[in-house]
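A.B. asks: In the numbering used here, the protein residues as written are 5 to 294. Even glycine gets a Cβ: it sits at the ideal position worked out from N, Cα and C. Note that the structure is predicted; figures quoted are calculated from it, not measured. Okay, here's the structure, questions in a sec.
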Ligand SMILES: [Zn+2]
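In structure tokens form, the structure reads like this:
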């Protein structure tokens with residue numbers, strides 16, 4: 005099987021992006037995988053620190069590995085938004101395929117120091133264990149909360165967007181494989197509508213850094229904005245909030261419709277199907293499929 009790095013390159017050459025979807029449980033994983041398999045597309049499953057604590061670090065690795073090996077399917081596991089070198093190290097040691105070090109709240113120089121340490125550790129373990137662990141870092145603030153928001157998070161503005169100059173310096177100093185820039189994107193879904201994305205900034209950052217870019221906070225963005233950004237150099241798109249909303253709404257309805265039902269495998273399939281529907285639509289968009 006090709007490595008995740010190779011799948012990213014392939015997506016880039018096709019003008020497509022790989023979908024990254026977060027899970028908190030097995031049901032969401034099934035919904036996401038059903039959609040990916042139907043379209044025969046590689047996929048990345050994300051576990052943030054909070055999600056990882058709930059699912060279990062080793063359990064998460066075992067789940068993804070079981071599917072990958074049973075079906076010979078390109079499904080990969082990413083440690084999404086890990087906030088320290090220590091938690092990145094635990095994820096790498098447990099067998100994650102990729103990690104996101106997020107120390108964007110530190111100063112630029114401190115961010116560089118921690119991120120570089122993560123990248124060096126990933127290199128060392130990749131070499132030692134014959135793996136290819138990818139390290140991603142974030143530059144420019146995009147908020148932290150994957151939920152439905154009343155208003156734009158504080159500190160997210162045109163002024164905090166990533167500049168090509170900073171991005172180039174950051175990538176050179178750290179040696180990361182993937183960069184998550186701030187280009188108008190924001191974590192979570194803003195009730196009044198998410199801000200517009202800036203494809204021209206994606207293009208400039210991509211040209212300055214030369215590495216694949218990752219779009220976080222994809223939930224709630226407009227379809228045409230996604231397509232434009234993918235064309236300009238976004239190779240992975242993160243979707244989390246939309247899945248959480250679909251899962252929870254479907255589960256609430258299922259429980260309300262069947263108040264006597266106590267068998268989880270009878271009231272949960274509606275939530276699995278709702279996740280599948282969201283993911284299928286997003287994957288089609290990211291891969292230029294009708
Ligand atoms: Zn994110």
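What do you reckon, are the CB atoms on residue 255 and residue 274 nearer than 9 angstroms?
C.D. replies: Yes; because the gap between Cβ atoms is below 9 angstroms, this pair is in contact.
A.B. asks: Assign residue 248 to one of two classes, buried (16 or more other C-beta atoms within 10 Å of its C-beta) or exposed (fewer than that).
C.D. replies: Burial call: buried.
A.B. asks: What do you reckon, is the C-beta of residue 98 under 8 angstroms from a heavy atom of ligand 1?
C.D. replies: Checking every heavy atom of ligand 1 against the Cβ of residue 98, none is found closer than 8 angstroms.
A.B. asks: Buried or exposed: where does residue 1 fall if 16 or more other Cβ atoms within 10 Å of its Cβ makes it buried?
C.D. replies: Summary: the structure shown does not reach residue 1, with the chain confined to residues 5 through 294, and so no result is reported for it.
A.B. asks: Could you check if residue 246 is buried or exposed, using at least 16 other CB atoms within 10 Å of its CB as the buried criterion?
C.D. replies: Burial call: buried.
A.B. asks: Let me check you understand the geometry: is the CB of residue 84 closer than 8 angstroms to at least one non-hydrogen atom of ligand 1?
C.D. replies: Residue 84: yes, Cβ under 8 angstroms from ligand 1.
A.B. asks: Shorter than 8 angstroms, the distance from the beta carbon of residue 150 to the closest heavy atom of ligand 1, or not?
C.D. replies: Indeed, a heavy atom of ligand 1 lies less than 8 angstroms from the Cβ.
A.B. asks: Once you ignore the five residues that flank residue 222 on each side, which residues in its own chain have a CB closer than 6 angstroms to its CB?
C.D. replies: Closer than 6 angstroms at the Cβ level, and outside the excluded window around residue 222, lie 241, 242, 243.
A.B. asks: Between residue 9 and the rest of its own chain, which residues show a CB-CB distance below 8 angstroms, the 5 nearest in sequence each way excluded?
C.D. replies: Contacts found: 136, 138, 181.
A.B. asks: Since I believe residue 36 is in contact with residue 283 (beta carbons under 8 angstroms), could you give me their beta-carbon distance rounded to a whole number of angstroms?
C.D. replies: With 8 angstroms as the limit, residue 283 and residue 36 qualify as a contact, their Cβ atoms being about 5 angstroms apart.
A.B. asks: Apart from the five residues just before and just after residue 195, which ones in its own chain have a Cβ nearer than 7 angstroms to its Cβ?
C.D. replies: Excluding residues within five positions, the ones whose Cβ falls inside 7 angstroms are 152, 153, 154.
A.B. asks: Going along the chain, which residues of its own chain have a beta-carbon closer than 7 angstroms to the beta-carbon of residue 64, five neighbours each way excluded?
C.D. replies: Hits under 7 angstroms: 51, 56, 81.
A.B. asks: Run the proximity test for residue 274: is its beta-carbon closer than 8 angstroms to any non-hydrogen atom belonging to ligand 1?
C.D. replies: Residue 274 Cβ: outside cutoff for every heavy atom of ligand 1.
A.B. asks: Any chance the CB of residue 115 is under 8 angstroms from a heavy atom of ligand 3?
C.D. replies: As for ligand 3, it is missing from this structure, which binds only ligand 1.
A.B. asks: Determine the extent of the beta strand (DSSP E) in which residue 54 is found, giving its start and end residues.
C.D. replies: Taken as a continuous stretch (DSSP letters only), residue 54 belongs to no beta strand (DSSP E), being part of the alpha helix (DSSP H) at 53-59.
A.B. asks: Beta-carbon within less than 8 angstroms of residue 215's beta-carbon, same chain only, minus the 5 sequence neighbours each way: which residues are those?
C.D. replies: Correct list, in chain order: 175, 180, 181, 182, 183.
A.B. asks: Would you say the beta carbon of residue 221 is closer than 8 angstroms to some non-hydrogen atom of ligand 1?
C.D. replies: At least one heavy atom of ligand 1 is nearer than 8 angstroms to the Cβ of residue 221, so yes.
A.B. asks: Any idea which residues DSSP pairs residue 185 with across the strands?
C.D. replies: Answer by DSSP bridge pairing, in chain order: 143.
A.B. asks: Pick helix, strand or coil for residue 138, following the three-state DSSP scheme.
C.D. replies: Three-state result, residue 138: strand.
A.B. asks: Taking 7 angstroms as the limit between beta carbons, can you name the residues of its chain near residue 171, skipping five residues before and five after?
C.D. replies: Excluding residues within five positions, the ones whose Cβ falls inside 7 angstroms are 143, 183, 185, 209, 212, 213.
A.B. asks: Could you please give the first and the last residue of the uninterrupted beta strand (DSSP E) stretch that includes residue 243?
C.D. replies: First-last of the beta strand (DSSP E) with residue 243: 238-243.
A.B. asks: Could you name the residues of the same chain whose beta carbon sits closer than 7 angstroms to that of residue 178, not counting the 5 residues immediately before and after it, in chain order?
C.D. replies: For residue 178, where only same-chain residues beyond five positions count, the Cβ hits under 7 angstroms are 116, 119, 120, 123, 141.
A.B. asks: Need the endpoints of the beta strand (DSSP E) that residue 25 sits in, please.
C.D. replies: Where residue 25 is concerned, the enclosing beta strand (DSSP E) stretches over 22-26.
A.B. asks: Going by CA-CA distance only, name the one from 75, 41, 114 that's closest to residue 89.
C.D. replies: Of the listed residues, the one whose Cα sits closest to residue 89 is 114.
A.B. asks: Starting from the Cα of residue 6, find the closest Cα among 39, 92, 46 and give me that residue.
C.D. replies: Considering only alpha carbons, the answer is 46.
A.B. asks: Is it buried or exposed for residue 78, if we count other Cβ within 10 angstroms and need 16 for buried?
C.D. replies: Result: buried.
A.B. asks: Just the C-alpha distance for residue 102 and residue 62, rounded to the nearest angstrom, thanks.
C.D. replies: Rounded to whole angstroms, residue 102 to residue 62 spans 15 angstroms at the Cα level.
A.B. asks: Would you say residue 39 touches ligand 1, meaning its beta carbon is less than 8 angstroms from a heavy atom?
C.D. replies: Checking every heavy atom of ligand 1 against the Cβ of residue 39, none is found closer than 8 angstroms.
A.B. asks: The beta strand (DSSP E) with residue 86 in it runs from where to where?
C.D. replies: It spans 79-86 - the beta strand (DSSP E) in which residue 86 sits, taken as one unbroken run.
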